[in-house]
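Residue numbers (our numbering), protein chains in the order written: chain A, 810 to 963; chain B, 164 to 323.
All C-beta atoms, glycine included, are put in the ideal place defined by N, C-alpha and C.
Encoded as structure tokens, the structure appears first; notes follow it.
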Amino acid sequence: MTTLTFEDFPPGRFGSFGLQHVTREDILAFASEYDPQPMHLDEAAAAKSMLKGLSGSGWHLCSLMMRMLCDGFITRTASLGSPGVNEVRWLAPLRPGDDVMLDVDVIEARVSKSRPETGIVTFKSTARNAAGLALCEMTSPIIVGRRSPLEESR
Amino acid sequence: MRFFEDLEVGQRREVGAFTFTAEAIKTFAAQFDPQRFHLSEEAGRNSLFGGLAASGWHVGSVCMKLLVRDTQHQMQAAAARGETVAVWGPSPGFRDLRWVKPVLAGDTISFATEIVDKRTSDSRPNWGIVQARQTGTNQHGELVFSLVATAFVPRRDASS
């Protein structure tokens, strides 16, 4: 399979990826390990919370978004990792039974000044449930290798 | 757990440390971030990270884990003293997450949180909005992780 390089990420819509089906057990398992707040673990407490019902941890949703990015294209991209995340907005709760899809746009692509054999591609990724409701928006750069004559001949 | 009125910009607390074993790194990565440098020692060594590196989402999730655990200890202590315990609301998000340095297998990261801003909520008068910088520092004293998180914190007046 062809490896995607910096040149394959022009600004604009990149694609939609997924889906990830999220069960109640998935929500409880992640929350038990990483975010054991009552709103993520206990239906009765969750019903009284601002989110009005059991919801997945925001870190669970972000981790699922990472998995969708990986399965969608990153594991076949000349990715060298990411320096961070500009912003994450948790817009609506992740619920048991949700089927989550990810819409991905490239909002910026520029050649690295310090490492000119690489570029920095900034993505805006929006996780949506089956009703199309946006659950989370993430703006994050990854470092991607540029195409070299050597790679083109492969 | 404190109310909005009890919080002051500059308040900082250590929330605990976590050692990222190779096994834990690979387990998280296999589920959520299956990139080669998070799954294999050899691929990690041949990457920019220079070794088997934890997924950045693993580092962030562990920071959350220690924050929640520390918060729950505080809440239990406050309840034991007979104080009214404030239950914080959900977070609308975070910004400026930096994976400053790789977290490699065997590294022990100490996490801390510091209040950097607080304001009342216009749309939810019973709540304040607090911003806190969360950081992770490795066993060499190097900053490896940082973000600025937002949370809804209940106001004391609203609960009485």
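Subject >> Chain-order list of residues whose beta-carbon lies under 7 Å from that of E896/A (same chain, five-residue window excluded) >> reply: T948
Original post:
By the criterion of Cβ-Cβ separation under 9 Å, what are the contact partners of V894/A in chain B?
Top reply: G219, G223, F257, R258, D259, L260, R261, W262, L310
Subject >> Same chain, Cβ closer than 7 Å to Q829/A, neighbours up to 5 away in sequence not counted >> reply: L873, R876, M877, V909
**OP:** Would you kindly report the start and end of the unbroken alpha helix (DSSP H) that includes S224/B?
**Re:** 219-243
Subject >> Sequence-distant residues of its chain with Cβ nearer than 6 Å to P902/A (five each side left out) >> reply: L860, S864
**OP:** Kindly list the residues whose CB is nearer than 6 Å to the CB of T271/B, restricted to its own chain and excluding five residues on each side of it in sequence; keep chain order.
**Re:** A180, T182, Q302
Subject >> C-beta neighbour in chain A for M238/B, strict 7 Å >> reply: no
Subject >> 8 Å Cβ cut-off: residues of chain A touching F167/B >> reply: The premise fails here: F167/B is roughly 15 Å from chain A at the closest Cβ pair, so nothing lies under 8 Å.
Original post:
Could you give the distance in angstroms between the alpha-carbon of R319/B and the alpha-carbon of F166/B?
Top reply: 6 Å
**OP:** Compare the C-beta of R937/A with all C-beta atoms of chain B and state if any pair is closer than 7 Å.
**Re:** no
Subject >> Residue range of the unbroken beta strand (DSSP E) whose run includes W868/A >> reply: Element bounds for W868/A: not the beta strand (DSSP E) but the alpha helix (DSSP H), 867-881.
Subject >> Members of the stretch 877-888 of chain A near chain B, C-beta cut-off 7 Å >> reply: C879, I883, T884, S888
Original post:
Just checking my contact of A887/A with T812/A at CB under 8 Å: how many whole Å lie between their CB atoms?
Top reply: 5 Å
Original post:
Taking the runs of the beta strand (DSSP E) that are 3 residues or longer, which of them lie wholly in the stretch 241-282 of chain B?
Top reply: 256-262
Original post:
If you draw a straight line from the C-alpha of F932/A to the C-alpha of I951/A, how long is it?
Top reply: 8 Å
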